[in-house]
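Colleague: Adding 108 to a residue's 1-based position in the sequence shown gives its number in the numbering used here.
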Amino acid sequence: MNNIEVRYYTQTGNSKKLADAIAKELGVTSKSIDEPVNGNVDIMFLANSVYWAGVDKHVKQFLRENSDKIGELVNVSTAALIESTYEQMKKLTGDLGIKLSDKEFHCRGSFTALHAGHPNAADLAAVCKFAKNICK
Ligand SMILES: Cc1cc2nc3c(=O)[nH]c(=O)nc-3n(C[C@H](O)[C@H](O)[C@H](O)COP(=O)(O)O)c2cc1C
Numbered sequence: 109m110n111n112i113e114v115r116y117y118t119q120t121g122n123s124k125k126l127a128d129a130i131a132k133e134l135g136v137t138s139k140s141i142d143e144p145v146n147g148n149v150d151i152m153f154l155a156n157s158v159y160w161a162g163v164d165k166h167v168k169q170f171l172r173e174n175s176d177k178i179g180e181l182v183n184v185s186t187a188a189l190i191e192s193t194y195e196q197m198k199k200l201t202g203d204l205g206i207k208l209s210d211k212e213f214h215c216r217g218s219f220t221a222l223h224a225g226h227p228n229a230a231d232l233a234a235v236c237k238f239a240k241n242i243c244k
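(1) Looking at ligand 1, does it come within less than 7 Å of VAL167, judged from the CB to the closest heavy atom?
(2) According to the neighbour-count rule (16 or more other Cβ atoms, all chains shown, within 10 Å of its Cβ), is ARG172 buried or exposed?
(3) Helix, strand or coil for SER157? Go by DSSP, reduced to three states.
(4) Roughly how many whole angstroms lie between the Cα atoms of ASN246 and GLY147?
(5) Can you check whether the CB of SER157 is closer than 8 Å to the CB of ALA187?
(6) Please report the straight-line C-alpha distance between SER138 and ASP128, rounded to a whole angstrom.
(7) What residues in its chain sit with their C-beta under 7 Å from that of HIS166, if we drop five residues either side in the sequence?
(8) Assuming HIS214 is part of the beta strand (DSSP E), what are its boundary residues?
(9) Flag this pair as touching only if the segment 192-203 and the segment 224-238 have three or more C-beta atom pairs under 8 Å; answer yes or no.
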């Protein structure tokens, strides 16, 4: 039985929406990256986004501090313009020696007048299906 965690960093709520949906699907509780990681985690879903073209420094710090506890990281992201944070996460996790799943989830996230309502119900259904497939 894998030890699974669902973590998120959010500024406007979109990443938390995805994390909450995944957590519910998997029967766990989502946690902010502000909460400490206790013990080793086999699979960590990390819902994150991009702000002014970069992954937030709190996310980078979280990965630095917990690199030895994460068995495999699964990137889950929203953004308004870019296609995914995957490439940035690949660089970050590569530098830290964290295994990053080659499977990822991305959808649009609302930002000012762009993508109103996203992640929407269809996005949440899709991320649940994605998470179930990762954990099966
Ligand atoms: C301060 C700020 C800067 C952003 N910069 C970008 C950006 O450079 N490129 C992009 O694609 N989206 C950008 N976005 C859009 C966010 O990535 C998108 O709204 C995301 O869903 C926010 O996730 P959150 O609600 O979990 O914080 C920005 C959003 C904010 C609030």
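Where a beta carbon is used, it is the ideal one built from N, C-alpha and C, also for glycine.
Modeller: In this structure, then:
(1) no
(2) exposed
(3) strand
(4) With the chain represented from 109 up to 244, any question about residue 246 goes unanswered, as that position is not in the structure.
(5) yes
(6) 6 Å
(7) TYR117, ILE141
(8) 213-216
(9) no
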